[in-house]
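Chains as they are written, first to last, in the numbering used here: chain Y, -9 to 273; chain L, 73 to 420. Each remark here refers to the structure printed beneath this line.
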Amino acid sequence: MNSNLSLEPALSARKLSLAYDKTLIVNHLNLAISAGKITALVGPNGCGKSTLLKGLARLLKPQSGTVYLDGVAISKRCPQGVAKYSTKEIAKRLGMLPQSPVAPEGLTVRELVAQGRYPHQSWLQQWSREDEQFTEQALAITGIAELGDRPLDSLSGGQRQRAWIAMALAQNTEILLLDEPTTFLDLAHQIEVLDLLYDLNQTQGRTIVMVLHDLNQACRYADELIVMRQGHLYAQGTPNLVMTETMVAEVFGIESQIVPDPMTGTPMCVPVSRKARASIGRK
Amino acid sequence: MTRNWLTIRLYHFPLSFQLDRRVPWLLVALAIAALAVLVVSVGYGEYPISPIDVIRTILGWQTDNSDYGFVINTLRLPRIVAAFLVGMGLAIAGTILQGLTRNPLAAPEIVGVEAGAGLAAVSLIVLFPSIPTLFLPIAAFTGALIAALLVYWLSWNGGSSPIRLILVGVGIGAIASALTSLMITFGNIYDVSQALVWLAGSVYGRTWEHIQAFLPWLLIFVPLSFLSARELNTLNLGDDVARGLGSRVEWQRVFLLIASVALAGASVATAGTIGFVGLISPHLARQLVGTSHEGLLPTAALVGGLIVALADLLGRSLFAPIEIPCGVITAAVGAPYFLYLLYRDRNQ
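Take a look at the structure:
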């Protein structure tokens, strides 16, 4: 896949409102996601970041507004006369990994990864040379080729998450959306998964959008941060620009200090807690 | 690509698929077992016939006894073929339901589909005794569909939890059974006795006419469900993943539900409510060939056919000359298995 460095946004939303039943979660949001970059969606619990990601991946029908992929509408509800992709065409360009997906009992790693080829297959053409090639490649890139015949439920959390990412890779899309790819993983596996995503972005130029909980990891890995608060876009920009003490105070409601990450120089948020204040007082 | 998979790919035509390596061998083995059961079952009875003569008669060759033709082709063969086909239909219906709901406990007899089909069929037998057999599957399908839609509507809450689906299914099943009993008290004695035998799940007295009414349903929905194997694999990963992969989830779900209900309904119309076949067969098949539906569906179908054919043979031979309906046999084996699955699920 060629790296796409044009300034055209890969994915954008216009006046997007998303709701579960009648509860409005995301309200009139405008957004553009740059091609070839890593974007991290951050915000407190319940701010609507996962909902927004689902909306961008057309898993949730918008209450109003439209999502555009390369300038073409992909939402089910879109203005009349606007060009539209079918759901399979979208799946060839945009992959989505939901939060902690569950595979059926006994499914092997290779079977799961091969599922990523679904949008490229048809009733007759169910396992082409290309399907096989991309499946093997995805297994190799994620470093789980030797686990191919193992059932998914016999793997560690980190290996399992890599298998799901491999499935999304086999789909061979320019854009990859991931909802908290590091949840339930220990620190070593978190770094392993984030490094893998970083490599994919660097070597293959894939656009990556992910929801992350850890602000410092977001700053380290993302080219751009999107900060959400109560269903609205609070700020968008490079970590250096967005990550301020004011932002952390207004969005997360805690006092903090922003210091440079000793390893990368990217901003790092150190929260001020009652405990920290007490320690300072004692000194 | 790997030792576990068999890839079939044509050079000049865009056709390709892959199968678990175990599938072709197992299908052959199961088919041979099924034929063996058929021959033994046809030969068995108050008037025993040797396997050689059974084979000769079925193939239309000359035998020394002119009665064999009548006993085999008119009395015994249709019954045993019906048992096998009904088992196939129920097993496929169960496999689809389990894949569709991602619920290992789902099966047509558990979620009320069989009871719904039974109610509709009994109503037809009692209210319109003179109606031709051909209409029985249609009535059963309608009843099964109504039951399925009710269960789906009442238990679907943005996804279905296994236990919720079972509970609602059992509830709908109980209501349908109660209404069936009510129907029976109102019917005249001859129709009722006929309905009762049929309700217990028996292939007693099935004729070629019944098979003729059943066959079109199999011929339409079995190939359609095999073609949807890939869709079931995708749905099995959950709605969000399936949607992300470009599957039209709602549409697929409706289509597969109709296929499952049609197969279950037509099976019930043919042989009554034979329980637990739709539940057990997919589980056994999964043990044999794994979770991929391309291999799972045909394997489960043959396993289901074999189970019902064996249950019928057992029912006829265990306490001969008294005959136990095959539905009683499958329930005696299946109910403990269901409890085991519930127990295992609880401990996960």
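Glycine included, each C-beta is placed from N, C-alpha and C at the ideal position.
Here's the rule I'm using: 16 or more other beta-carbon atoms within 10 Å means buried, otherwise exposed. How should residue i be labelled?
i, result
"residue 186 of chain L", "buried"
"residue 111 of chain Y", "buried"
"residue 253 of chain Y", "exposed"
"residue 10 of chain Y", "exposed"
"residue 417 of chain L", "exposed"
"residue 132 of chain Y", "buried"
"residue 260 of chain L", "exposed"
"residue 308 of chain L", "buried"
"residue 92 of chain Y", "exposed"
"residue -4 of chain Y", "Caution is warranted here: a pLDDT of 49 is assigned to residue -4 of chain Y, below 50, making its placement in the model unreliable, and the coordinate value is therefore given only provisionally. Residue -4 of chain Y is exposed by the Cβ-count criterion."
"residue 83 of chain L", "exposed"
"residue 191 of chain Y", "buried"
"residue 401 of chain L", "buried"
"residue 267 of chain Y", "exposed"
"residue 213 of chain L", "buried"
"residue 120 of chain L", "exposed"
"residue -9 of chain Y", "Reliability fails at residue -9 of chain Y, whose pLDDT of 40 lies under 50, so the model's placement of it is uncertain and no value is given."
"residue 119 of chain Y", "exposed"
Say whether chain Y places a C-beta atom closer than 8 Å to the C-beta of residue i.
i, result
"residue 408 of chain L", "no"
"residue 65 of chain L", "What the structure shows of chain L is the stretch from 73 to 420, and residue 65 of chain L is not part of that stretch, so it cannot be assessed."
"residue 313 of chain L", "yes"
"residue 363 of chain L", "yes"
"residue 174 of chain L", "yes"
"residue 310 of chain L", "yes"
"residue 367 of chain L", "no"
"residue 94 of chain L", "no"
"residue 306 of chain L", "yes"
"residue 425 of chain L", "The question about residue 425 of chain L has no answer, for chain L in this structure spans 73 to 420."
"residue 86 of chain L", "yes"
"residue 89 of chain L", "yes"
Could you round the C-beta distance between residue i and residue j to whole angstroms and report it? I think they count as a contact, below 8 Å.
i, j, result
"residue 215 of chain L", "residue 250 of chain L", "Not quite, the Cβ-Cβ distance comes to about 14 Å (not below 8 Å), so this is no contact."
"residue 237 of chain L", "residue 183 of chain L", "6 Å"
"residue 154 of chain L", "residue 275 of chain L", "5 Å"
"residue 275 of chain Y", "residue 21 of chain Y", "Nothing about residue 275 of chain Y can be read from this structure; chain Y reaches only from -9 to 273."
"residue 150 of chain L", "residue 323 of chain L", "Their Cβ separation, rounded to whole angstroms, is 38 Å, which puts residue 150 of chain L and residue 323 of chain L out of contact at 8 Å."
Less than 8 Å between the C-beta atoms of residue i and residue j, yes or no?
i, j, result
"residue 163 of chain Y", "residue 85 of chain Y", "yes"
"residue 106 of chain L", "residue 374 of chain L", "yes"
"residue 30 of chain Y", "residue 208 of chain Y", "yes"
"residue 169 of chain Y", "residue 40 of chain Y", "yes"
"residue 169 of chain L", "residue 332 of chain L", "yes"
"residue 260 of chain Y", "residue 269 of chain Y", "no"
"residue 159 of chain L", "residue 294 of chain L", "no"
"residue 351 of chain L", "residue 410 of chain L", "yes"
"residue 371 of chain L", "residue 99 of chain L", "yes"
"residue 135 of chain Y", "residue 159 of chain Y", "no"
"residue 114 of chain L", "residue 126 of chain L", "yes"
"residue 267 of chain L", "residue 223 of chain L", "no"
"residue 128 of chain L", "residue 94 of chain Y", "no"
"residue 90 of chain Y", "residue 172 of chain Y", "no"
Under 8 Å, Cβ to Cβ, is there at least one residue of chain L near residue i?
i, result
"residue 81 of chain Y", "yes"
"residue 5 of chain Y", "no"
"residue 109 of chain Y", "yes"
"residue 78 of chain Y", "yes"
"residue 165 of chain Y", "no"
"residue 115 of chain Y", "yes"
"residue -8 of chain Y", "Because residue -8 of chain Y carries a pLDDT of 42, less than 50, the predicted location of this residue cannot be relied on, and the following value inherits that uncertainty. It does not; no Cβ of chain L falls within 8 Å."
"residue 183 of chain Y", "no"
"residue 139 of chain Y", "yes"
"residue 45 of chain Y", "no"
"residue 147 of chain Y", "no"
"residue 42 of chain Y", "no"
"residue 92 of chain Y", "yes"
"residue 190 of chain Y", "no"
So does residue i have its beta carbon nearer than 7 Å to some heavy atom of the ligand FMN?
i, result
"residue 206 of chain Y", "The ligand FMN is absent from the structure shown, which contains no ligand whatsoever."
Check residue i in the structure and name its three-state DSSP category.
i, result
"residue 74 of chain L", "Because residue 74 of chain L sits at a pLDDT of 48, beneath the cut-off of 50, its placement in the model cannot be relied upon, and the following sentence gives the value as read from the coordinates. Looking at residue 74 of chain L - three-state DSSP - the assignment turns out to be coil, as it is neither helix nor strand."
"residue 391 of chain L", "coil"
"residue 116 of chain L", "coil"
"residue 92 of chain L", "strand"
"residue 56 of chain Y", "strand"
"residue 10 of chain Y", "strand"
"residue 35 of chain Y", "coil"
"residue 215 of chain Y", "strand"
"residue 253 of chain L", "helix"
"residue 311 of chain L", "helix"
Could you tell me which chain A residues have their CB closer than 7 Å to the CB of residue i, listed as they occur along the chain?
i, result
"residue 318 of chain L", "You won't find chain A in this structure, because its protein chains are Y and L."
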